[in-house]
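**Student:**
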Amino acid sequence: MKLRNRKYLSIKTKLVVLILFCLCLPFLILGTLWYEKSSDIIENNAIHSNQQLVSQVSNQLDSYFADLERSTFPLIINPLIQQFMEIDPIDQYQLFKVTQQIEKELLPNILFGRSDISGFSIISNSGIATTYGGNLARERNKKYMSDLTDSESYKNMGINEIDSVPMLTVTRKFRDTLTYQTKGMLITDLYITEIAKIAETVKLGNAGFVWVIDSNGRIVYHPDKQKLGQDAPPAYLDNFNRHYGEGFFSEKIDGQENLVVFHKSALNNWIMVSEVPIHELIVNLIEMRNMTIWIGSLLMLFVLIVVSGFSLQLTRSLSYIQRLMKKAEHGDLTVRAPEHRQDEIGTLNRSFNKMVSEIRRLIEVVHTSKLKEKEMEIKQRESALQAMQSQINPHFLYNTLEIINSYAILEGVLPISHMATSLASIFRYSVGYPNQVVTLKEEITHVSTYFSIQKERYRYFIADMALDDTMLTQVQAVRLMIQPMVENAFIHGYEKHKLKPEYIGISDEVTNHYYILRITDKGNGMPSDQMEKYNRHFLEEFTVSIEEAAEPSFHRIGLLNVHHRLRLTFGAPYGLYIEKSDKDGTIIAIKLPYKKD
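Residue 288 in the numbering used here is what sits at position 288 of the sequence shown, and the numbering runs on without skipping anything.
Below is the structure:
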């Protein structure tokens, strides 16, 4: 009742669930994984690209300052500069003369084509100074002289405002060409426009930008002019110090997550920084994701509608043929399914109609005829066996054997008496009903009597009975089951091949499901194809008719007779099986049932 009340999903529901789990769910999972993976890849690519851009800009700045250093190098070794450094401050004439020469002959050549240089200031250790293109600020010059250490020959001093214009100041020492001692300093004021041009060559979307920090942590360039000369935010400096050379991190500014990529110059320890909102990096991906979701949703909706319509049409046809099957199940074999369709449903309907017609035909014809045929064949077998048994008059044989036994006893010939007694016992056992169920012990006793007669005939014959005596009364058998098998061994194993019978063994094997009795001889066996034919009939429960049994390939009719009687009495899997048959002998196994409690 529980199985009948159990509810099963319809094919329509299963198709919809299948689409949801096999199309929609994987689509959502793959879409999510694709989005996350794509976001990571785009972000990593953006980081890598920004690092390359920032590194290129940093290299351009290094090249710019290296070029500035090279262009001012001639001033250091120029004789006029060396002469200027040696002038006594009291000698005003000499100071004026040399200063004029420097300003008219030397500095114009250095400044030619350099629109980025605002002016030069040359200062000696004795305090004399001259300037070109800029204002001389003594206090500033003294401060720069003190800030420049002995180990530093070239240094960026940061942003200064000169006449309200932000300037980048760079200092360089003058050294004596002979003693290599510091004699003075060259101060160069640069417009930051050149740095701005270099930084602005990088385009980072709509909101991204690049800014520059000097070695002291002050902002040298920033798109926001108000931040020039100010200290960089501490949070940025902490992240810069945690990384060596270059790196990246994210910083939240005004509620917006920014990707910060930086590169530190190995030449002057300046830091080139790029900032770009992360949202700008993935805005195109978000648009693509939304478009993909809409397209995927519409596609899934379309698929669901198509599948639902198809499944409705399919299930309607299946439900109709299911109702016809119910009618056929209840005995109405006149039902017919429509055959006009040319698809699989039409094929199914035609097959159903053929099946119903065939069932009706089998019920009306085949069933009764096959049963009658089987019954007649069984009766023929029983009649044949009974006819063979009826050819011998038991009473006449018993009386004759008793007379022979009496004469043998009177004459003292005990072997003849023993053989007559054994033969009478064999005849008495043989006249019983062939399908009568007996115990295996009765069959073993009967075949032992048979062996005793054969031993009188063959002096060197050995009958080996390796059996568990305690099991013999627990196993069922049919009358005259073993003797035909033993006779087959004598006739077909030995005598047919002109061999003297030397050995027949009977052994057993006890299993949980059945009892196995094995009969073994050492004569010549049958061909392998004939053995396979016997076993095929034994295993496939194939019924061999009387005519077929008379064929040469089935000359051992005793085997088939015993097998069929076992099957008719006990059913499958009980019966015979030939385990081995070759030039070294034959082993036949008999599966027998245990007695029921």
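Ideal Cβ placement from N, Cα and C applies to all residues, glycine included.
Please classify Asn-524: does DSSP put it in a helix, a strand, or coil?
**Tutor:** Taking the first residue of the sequence shown as 1, we reach residue 524 at position 524. DSSP places Asn-524 in coil when its eight states are reduced to three.
**Student:** What's the call for Arg-172, buried or exposed, on a 16-neighbour Cβ count within 10 Å?
**Tutor:** Working through the sequence shown from its first residue, we reach residue 172 at position 172. Buried, because 16 or more other Cβ atoms sit within 10 Å of the Cβ of Arg-172.
**Student:** List in chain order: all unbroken alpha helix (DSSP H) runs of 4+ residues lying wholly within the segment 229-284.
**Tutor:** DSSP runs (the alpha helix (DSSP H)) wholly in the segment 229-284: 234-242.
**Student:** Determine the extent of the alpha helix (DSSP H) in which Val-365 is found, giving its start and end residues.
**Tutor:** For the purposes of this step, residue 365 is taken as residue 365 along the sequence shown, with counting starting at 1. Here Val-365 belongs to no alpha helix (DSSP H), and DSSP marks it neither H nor E.
**Student:** Is the beta carbon of Ser-274 less than 8 Å from the beta carbon of Val-210?
**Tutor:** Stepping through the sequence shown from its first residue, residue 274 is reached at position 274. Stepping through the sequence shown from its first residue, residue 210 is reached at position 210. Yes.
**Student:** Grouping DSSP H, G and I as helix and E and B as strand, with all else coil, what is Glu-540?
**Tutor:** Your numbering for residue 540 matches position 540 in the sequence shown. The answer is coil: DSSP assigns Glu-540 none of H, G, I, E or B.
**Student:** Relative to the alpha-carbon of Met-481, which residue among Glu-456, Val-413 and Leu-576 has its alpha-carbon at the smallest distance?
**Tutor:** Start at 1 with the first residue of the sequence shown, and residue 481 comes out as number 481. The shortest C-alpha separation from Met-481 is found at Leu-576.
**Student:** In chain order, what residues of the same chain have a beta carbon less than 6 Å from the beta carbon of Glu-257, not counting five sequence neighbours either side?
**Tutor:** Start at 1 with the first residue of the sequence shown, and residue 257 comes out as number 257. Excluding positions up to five away in sequence, the list reads Ser-250 and Ile-278.
**Student:** Output the residue ranges of the alpha helix (DSSP H) runs that lie fully inside the segment 47-94 and measure 4 residues or longer, sorted by chain position.
**Tutor:** With a minimum length of 4 residues, the continuous alpha helix (DSSP H) runs that stay inside the segment 47-94 are 79-86.
**Student:** Using three-state DSSP, classify Thr-511 as helix, strand or coil.
**Tutor:** Residue numbering aside, residue 511 sits at position 511 when the sequence shown is read from its first letter. If DSSP states are grouped into helix, strand and coil, Thr-511 belongs with coil.
**Student:** When the Cα atoms are used, what is the spatial distance from Gln-342 to Leu-324?
**Tutor:** Position 342 of the sequence shown, counted from the start, is the residue given in the question as residue 342. Position 324 of the sequence shown, counted from the start, is the residue given in the question as residue 324. Approximately 19 Å between the Cα atoms of the pair.
**Student:** Below 8 Å on the Cβ atoms is my contact criterion, and I expect Tyr-93 with Ile-198 to pass it. Report the Cβ-Cβ distance as a whole number of Å.
**Tutor:** Numbered from 1 along the sequence shown, position 93 holds the residue referred to as residue 93. Numbered from 1 along the sequence shown, position 198 holds the residue referred to as residue 198. Contact doesn't hold; Cβ gap of about 45 Å is too wide.
**Student:** Quick check on the DSSP output: the beta strand (DSSP E) that includes Met-485 runs from which residue to which?
**Tutor:** Numbered from its first residue, the sequence shown carries residue 485 at position 485. Note, Met-485: premise wrong, no beta strand (DSSP E); alpha helix (DSSP H) at 483-488.
**Student:** Where do the N-terminal and C-terminal ends of the beta strand (DSSP E) with Thr-169 fall, by residue?
**Tutor:** Along the sequence shown, read from residue 1 onward, the residue named residue 169 stands at position 169. Looking at the DSSP string, the run of the beta strand (DSSP E) that includes Thr-169 is 165-175.
**Student:** Give me the residue from Gln-56, Phe-174, Leu-95 and Met-167 with the minimum Cα distance to Glu-194.
**Tutor:** Within the sequence shown, residue 194 is the residue found at index 194, counting from 1. Ranking the options by Cα distance to Glu-194, first place goes to Met-167.
**Student:** Quick one: Cα of Lys-533 to Cα of Ile-416, how far?
**Tutor:** Your numbering for residue 533 matches position 533 in the sequence shown. Your numbering for residue 416 matches position 416 in the sequence shown. Whole-angstrom Cα-Cα distance: 42 Å.
**Student:** Name the DSSP beta bridge partners of Phe-112, please?
**Tutor:** To locate residue 112, count along the sequence shown from 1; it is residue 112. In the DSSP output, where bridge partners are listed per residue, Phe-112 has none listed.
**Student:** So, under 8 Å CB-CB, Val-478 and Gln-436 are touching, yes? Tell me the CB distance rounded to an integer number of Å.
**Tutor:** Here residue 478 refers to the residue found at position 478 when the sequence shown is read from its first residue. Here residue 436 refers to the residue found at position 436 when the sequence shown is read from its first residue. With a Cβ gap of about 7 Å, Val-478 and Gln-436 count as contacting.
**Student:** Considering only C-alpha positions, which residue in the set Glu-579, Lys-595 and Ser-215 is nearest to Thr-473?
**Tutor:** Here residue 473 is taken as the residue at index 473 of the sequence shown, counted from 1. The option with the nearest alpha carbon to Thr-473 is Lys-595.
**Student:** Expressed to the nearest angstrom, what Euclidean distance is found between the alpha-carbon atoms of Ile-590 and Val-562?
**Tutor:** Sequence index remark: in the sequence shown, residue 590 carries index 590 (1-based). Sequence index remark: in the sequence shown, residue 562 carries index 562 (1-based). Using only the alpha carbons, I get a separation of about 10 Å.
**Student:** Rounding to the nearest angstrom, what Cα-Cα distance links Tyr-155 and Trp-294 in this structure?
**Tutor:** As a first step, residue 155 is located in the sequence shown; it is residue number 155 there, counting from the start. As a first step, residue 294 is located in the sequence shown; it is residue number 294 there, counting from the start. Sequence check: residue 155 is Lys here, not Tyr. Cα to Cα, Lys-155 sits roughly 59 Å from Trp-294.
**Student:** Just the Cα atoms here: how many angstroms apart are Leu-312 and Ser-38?
**Tutor:** Your numbering for residue 312 matches position 312 in the sequence shown. Your numbering for residue 38 matches position 38 in the sequence shown. If I take the Cα positions, the gap works out to 40 Å.
**Student:** Check the DSSP bridge columns for Ile-219 and list the partner residues they point to.
**Tutor:** Within the sequence shown, numbered from 1, the residue matching residue 219 stands at position 219. Paired residues: Ile-213.
**Student:** Measuring CA to CA, which of Tyr-429, Met-185 and Glu-200 is closest to His-446?
**Tutor:** Here residue 446 refers to the residue found at position 446 when the sequence shown is read from its first residue. Comparing Cα positions, the closest option is Tyr-429.
**Student:** Across the segment 79-91 and the segment 43-50, are there enough close Cβ pairs to call them in contact, namely three or more that are closer than 8 Å?
**Tutor:** Because the criterion of three Cβ pairs below 8 Å is not met, the segment 79-91 and the segment 43-50 do not touch.
**Student:** Per DSSP, which residues does Asn-156 bridge with? Please list them.
**Tutor:** Numbered from 1 along the sequence shown, position 156 holds the residue referred to as residue 156. BP columns for Asn-156 point to Val-170.
**Student:** Assuming Tyr-494 is part of the alpha helix (DSSP H), what are its boundary residues?
**Tutor:** Stepping through the sequence shown from its first residue, residue 494 is reached at position 494. Counting along the chain, Tyr-494 falls outside any alpha helix (DSSP H), and DSSP gives it neither H nor E.
**Student:** Looking at the unbroken beta strand (DSSP E) that takes in Ser-124, where does it start and where does it end?
**Tutor:** The sequence position of residue 124 within the sequence shown is 124, counting from 1. Looking at the DSSP string, the run of the beta strand (DSSP E) that includes Ser-124 is 117-124.
**Student:** Below 8 Å on the Cβ atoms is my contact criterion, and I expect Asp-521 with Thr-449 to pass it. Report the Cβ-Cβ distance as a whole number of Å.
**Tutor:** The residue you call residue 521 lines up with position 521 of the sequence shown. The residue you call residue 449 lines up with position 449 of the sequence shown. With 8 Å as the limit, Asp-521 and Thr-449 do not qualify as a contact, their Cβ atoms being about 19 Å apart.
**Student:** Can you check whether the CB of Ile-519 is closer than 8 Å to the CB of Ile-426?
**Tutor:** Residue numbering aside, residue 426 sits at position 426 when the sequence shown is read from its first letter. Residue numbering aside, residue 519 sits at position 519 when the sequence shown is read from its first letter. Contact: no.
**Student:** For the alpha helix (DSSP H) holding Met-419, just list the boundary residues, first then last.
**Tutor:** Start at 1 with the first residue of the sequence shown, and residue 419 comes out as number 419. Looking at the DSSP string, the run of the alpha helix (DSSP H) that includes Met-419 is 414-430.
**Student:** Going straight from the alpha carbon of Asn-269 to that of Gln-56, what length do you get?
**Tutor:** Here residue 269 refers to the residue found at position 269 when the sequence shown is read from its first residue. Here residue 56 refers to the residue found at position 56 when the sequence shown is read from its first residue. The straight-line gap from Cα to Cα measures roughly 15 Å.
**Student:** So is Met-185 buried or exposed if we call it buried at 16+ other beta carbons inside 10 Å?
**Tutor:** Here residue 185 refers to the residue found at position 185 when the sequence shown is read from its first residue. Buried: at least 16 other Cβ atoms inside 10 Å.
**Student:** Hey, Leu-517 and Asp-529 are a contact pair by Cβ (cut 8 Å); roughly how many whole angstroms apart?
**Tutor:** Start at 1 with the first residue of the sequence shown, and residue 517 comes out as number 517. Start at 1 with the first residue of the sequence shown, and residue 529 comes out as number 529. That pair is no contact at about 26 Å.
**Student:** Just reading off the beta strand (DSSP E) that Glu-579 is part of, what are its end residues?
**Tutor:** Taking the sequence shown and counting its residues from 1, the one referred to as residue 579 is at position 579. Run containing Glu-579: 575-582, per the beta strand (DSSP E) assignment.
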